[in-house]
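Colleague: Quick note, the sequence shown lines up with residues 465 to 576 if you use the numbering used here.
Here a beta-carbon is modelled for each residue, glycine too, at the ideal position from N, C-alpha and C.
It should be emphasised that the depicted structure is a prediction, and the values quoted were computed from it without experimental measurement.
Sharing a structure here in structure tokens format.
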Amino acid sequence: MATTKATSNAKPIIINPPAVPNIAVFLAQSPKTERWYFTAQSFTSLTRVDKNGDSFEYLAPKGNNDLRKLPADSIKSLILPIAWNDLDRAEVVAKVGATALMNPVTGELTLT
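Right, dumping it as structure tokens:
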């Protein structure tokens with residue numbers, strides 16, 4: 465539990481802020497800019513056959529992050545170096561992995 469200390473302007477200062485758990489982030493690449501990034505909101509493409517025998521593609525979320533529980537100003541993505549734009553996915557995964565953990569307050573990345 466955080467403790468506070470009163471100051472002259474009556475605003476409390478948080479001495480021991482509550483710990484914020486890391487969130488899972490997933491490697492993705494922007495189709496527009498080709499930048500690689502980690503994001504807490506990622507989707508995977510799946511294909512199914514409908515009742516008429518036609519196939520269709522849909523997006524399903526990856527992971528189980530409930531981002532509604534995070535403060536509105538939380539960090540939910542981070543962009544990797546622009547020098548990596550020309551790398552293919554396998555090369556980027558070899559460097560940082562396909563998933564990682566990120567602190568939503570500081571943006572600190574923990575490779576898994």
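Under the assumption that Phe-502 contacts Ala-564 (Cβ atoms under 8 Å), give the Cβ distance between them as a whole number of angstroms.
Modeller: For the purposes of this step, residue 502 is taken as the residue at position 38 of the sequence shown. For the purposes of this step, residue 564 is taken as the residue at position 100 of the sequence shown. Contact holds; Cβ gap of about 6 Å.
Colleague: Specify, as a first and last residue, the run of the beta strand (DSSP E) that Val-489 falls within.
Modeller: Your numbering for residue 489 matches position 25 in the sequence shown. 487-493 is the span of the beta strand (DSSP E), which, as asked, contains Val-489.
Colleague: To the nearest whole angstrom, what separates the beta carbons of Thr-511 and Glu-521, a pair I think is in contact under 8 Å?
Modeller: On the sequence shown, residue 511 is found 47 positions in, with the first residue counted as 1. On the sequence shown, residue 521 is found 57 positions in, with the first residue counted as 1. At roughly 5 Å, the Cβ-Cβ gap stays under 8 Å, so Thr-511 and Glu-521 are in contact.
Colleague: Applying the 10 Å Cβ sphere with the 16-neighbour rule, what's the burial state of Asn-529?
Modeller: Taking the first residue of the sequence shown as 1, we reach residue 529 at position 65. The residue is buried, with at least 16 neighbouring Cβ atoms inside 10 Å.
Colleague: Can you tell me whether Phe-543 is helix, strand or coil according to DSSP?
Modeller: Within the sequence shown, residue 543 is the residue found at index 79, counting from 1. One detail in the question is off: residue 543 reads as Ile in this sequence, not Phe. Three-state result, Ile-543: strand.
Colleague: Is it right to say Leu-575 is buried, meaning 16 or more other beta carbons lie within 10 angstroms of its own, or is it exposed?
Modeller: What you label residue 575 is simply residue 111 of the sequence shown in a count that begins at 1. The residue in question, Leu-575, is exposed, as its Cβ has fewer than 16 Cβ neighbours within 10 Å.
Colleague: So for Glu-521, helix, strand or coil by DSSP?
Modeller: If you number the sequence shown from 1, residue 521 lands on position 57. It is a strand residue.
Colleague: If you draw a straight line from the alpha carbon of Glu-498 to that of Leu-544, how long is it in whole angstroms?
Modeller: As a first step, residue 498 must be located in the sequence shown, where it is residue number 34. As a first step, residue 544 must be located in the sequence shown, where it is residue number 80. Near 11 Å, if we compare the C-alpha coordinates of Leu-544 and Glu-498.
Colleague: Alpha carbon to alpha carbon, what distance is there between Leu-491 and Asn-549?
Modeller: In the sequence shown, counting from the first residue as 1, residue 549 sits at position 85. In the sequence shown, counting from the first residue as 1, residue 491 sits at position 27. Cα-Cα distance, rounded: 13 Å.
Colleague: Counting only beta-carbon atoms, is Leu-523 nearer than 9 Å to chain C?
Modeller: In summary, chain C is missing from the structure at hand, where a single protein chain is found.
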